[in-house]
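A.B. asks: Here it is, the structure in full.
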Amino acid sequence: MKAVFRDGEGHLRNGWKGAGFLVVSAVLAGILMWLQTLLPAAVRPFAPPPFVGFLGVLLVSLDFLYLEKQPLTSLGMSLDRRAGREFGVGAVAGVVLVGLVALCGWVAGGYHLERAANAQVTAVVKLAWVMLGVGLFEEALFHGYLFQRAIRGLGTRWAQVVISLIFCLAHPFTPEMEVPTRVVAMITTFMAGWMLGLCYLRTRHLALPVGVHMGWNGFLGTLGFGVSGKEAHGWWTPVFQGRPEWLTGGAYGLEASIFSVVVLGVAIIALTRWKGSAAPEQEALPHPGEAPALTPSR
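For my numbering, count along the sequence shown from 1 and bump the result up by 2.
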């Protein structure tokens with residue numbers, strides 16, 4: 003039984019490290035988000051829940067890395083010129099991807115956009131700030147310590163499958179959604195998780211996936227579409243024209259549109275073919291003193 007948790011040298015297996023990290027991060031982030039609601043109303047906009055959640059994940063990451071005697075930079079977290087450049091490229095790429103999806107839906111006659119009443123620059127700036135927090139929180143949670151330990155334990159391909167599935171299931175899919183719409187939304191979210199994982203794998207840094215994540219969500223909200231089912235108020239408002247929800251995304255947003263599947267598919271192919279800026283990966287090779295997998299040692 004001991005071999006299920008530890009290898010022949012007595013080291014905890016990477017799968018259990020990842021599972022422990024996910025549970026502790028979820029608990030601490032949840033507690034901090036609850037504490038955020040107790041802040042004065044004037045302070046809360048400057049520390050929205052996603053940033054507080056990111057703080058929780060960052061603290062847990064530091065604790066787990068301390069136990070392994072690894073630096074934070076080993077997770078692809080650093081503030082330097084390269085990180086800034088990759089973040090900027092990612093943000094632009096996220097905007098372009100959403101723009102392509104929105105254009106396809108408009109050409110297909112699914113909707114048209116009208117300028118929102120009382121649209122203000124401050125609302126879009128606030129939206130961008132919140133979506134930066136979402137990108138930091140979700141990428142640190144799913145493609146930081148957890149993803150990298152999954153790679154060491156399962157290999158790159160299976161790690162992508164597992165983490166993309168967790169990423170998908172962590173997003174809301176309400177029972178009120180039509181079945182075809184829900185299926186498309188789940189496929190899109192899984193593919194988005196895969197694409198963001200590739201962004202990390204090709205750079206070995208979280209700046210690119212954080213930028214893509216922010217650009218994608220931010221531009222969705224700016225156009226007035228729902229962001230993973232959450233209502234957004236931007237500079238425009240989509241007016242739907244009676245086409246099926248699996249085509250337009252409906253109230254859930256463009257992530258429930260079949261065009262998102264197509265556009266993300268193209269992005270995944272491009273990232274797969276791109277050699278990236280990182281050194282070639284050594285698949286499933288653990289660092290010294292770490293066990294390679296969840297399975298018992300023979």
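Heads up, the beta-carbon is just placed ideally off N, CA and C, and yes, glycines get one too.
May I ask you to verify whether the segment 20-28 touches the segment 138-155, counting CB pairs closer than 8 angstroms and requiring at least 3?
C.D. replies: Verdict: yes, contact present.
A.B. asks: Does Lys71 come out as helix, strand or coil in the three-state DSSP assignment?
C.D. replies: If DSSP states are grouped into helix, strand and coil, Lys71 belongs with coil.
A.B. asks: Using the DSSP secondary-structure output, state which residues sit across from Tyr113 in a beta bridge.
C.D. replies: Tyr113 is bridged to Phe242.
A.B. asks: On the three-state DSSP scale, how would you describe Lys19?
C.D. replies: Correct three-state label for Lys19: helix.
A.B. asks: Going by CA-CA distance only, name the one from Leu67, Glu257, Thr191 and Arg184 that's closest to Ile165.
C.D. replies: Of the candidates Leu67, Glu257, Thr191 and Arg184, the one whose C-alpha sits nearest the C-alpha of Ile165 is Thr191.
A.B. asks: Could you name the residues of the same chain whose beta carbon sits closer than 8 angstroms to that of Leu74, not counting the 5 residues immediately before and after it, in chain order?
C.D. replies: For Leu74, where only same-chain residues beyond five positions count, the Cβ hits under 8 angstroms are Ser63, Leu64, Leu67 and Ser80.
A.B. asks: Starting from Trp248, trace the alpha helix (DSSP H) both ways and give me its first and last residue.
C.D. replies: Unbroken alpha helix (DSSP H) run through Trp248: Glu247 to Thr250.
A.B. asks: Please tell me whether Phe195 and Leu167 are closer than 9 angstroms, where the distance is taken between their beta carbons.
C.D. replies: It is Gly, not Phe, that sits at residue 195 in the sequence shown. Their beta carbons are under 9 angstroms apart, which means Gly195 touches Leu167 by this criterion.
A.B. asks: So if DSSP puts Val229 in a beta bridge, which residue, or which two residues, is it bridged to?
C.D. replies: Answer is Lys232.
A.B. asks: Taking the straight line between their C-alpha atoms, what separation do you get for Leu40 and Gln122?
C.D. replies: Using only the alpha carbons, I get a separation of about 28 angstroms.
A.B. asks: Count the other CB atoms, across all protein chains shown, that sit within 10 Å of the CB of Asn120; report buried if there are 16 or more and exposed otherwise.
C.D. replies: Label assigned to Asn120: exposed.
A.B. asks: What's the gap between the Cα of Arg117 and the Cα of Glu180?
C.D. replies: Going by the C-alpha atoms only, they are around 28 angstroms apart.
A.B. asks: What residue from Leu208, Thr274, Pro51 and Trp36 has the CA that sits closest to Ala85's CA?
C.D. replies: If we check each option's Cα against that of Ala85, Leu208 comes out closest.
A.B. asks: Which residue comes first and which comes last in the alpha helix (DSSP H) that contains Gln150?
C.D. replies: Here the alpha helix (DSSP H) through Gln150 covers Tyr147 to Leu156.
A.B. asks: Going by beta carbon distance, what residues of the same chain come within less than 8 angstroms of Gly92, once the five residues before and after it are set aside?
C.D. replies: Cys201, Ala209, Leu210, Pro211, Val212, Gly213, Val214, His215, Met216 and Gly217.
A.B. asks: Just to confirm, is the Cβ distance from Val56 to Leu138 under 9 angstroms?
C.D. replies: As written in the sequence, residue 56 is Phe, which differs from the Val given in the question. Yes, the Cβ-Cβ distance between Phe56 and Leu138 is below 9 angstroms.
A.B. asks: In three-state terms, what does DSSP make of Arg206?
C.D. replies: It is coil, neither helix nor strand.
A.B. asks: Can you tell me whether DSSP reads Leu167 as helix, strand or coil?
C.D. replies: In this structure, Leu167 counts as helix in the three-state DSSP scheme.
A.B. asks: Once you ignore the five residues that flank Met188 on each side, which residues in its own chain have a CB closer than 7 angstroms to its CB?
C.D. replies: Excluding sequence neighbours, Met188 sits near Cys170 and Phe175.
A.B. asks: Evaluate Val59 with the Cβ neighbour count: other Cβ atoms within 10 Å of its Cβ, from every protein chain shown; 16 or more gives buried, anything less gives exposed.
C.D. replies: So Val59 counts as buried.
A.B. asks: Using the DSSP secondary-structure output, state which residues sit across from Arg8 in a beta bridge.
C.D. replies: BP columns for Arg8 point to Leu14.
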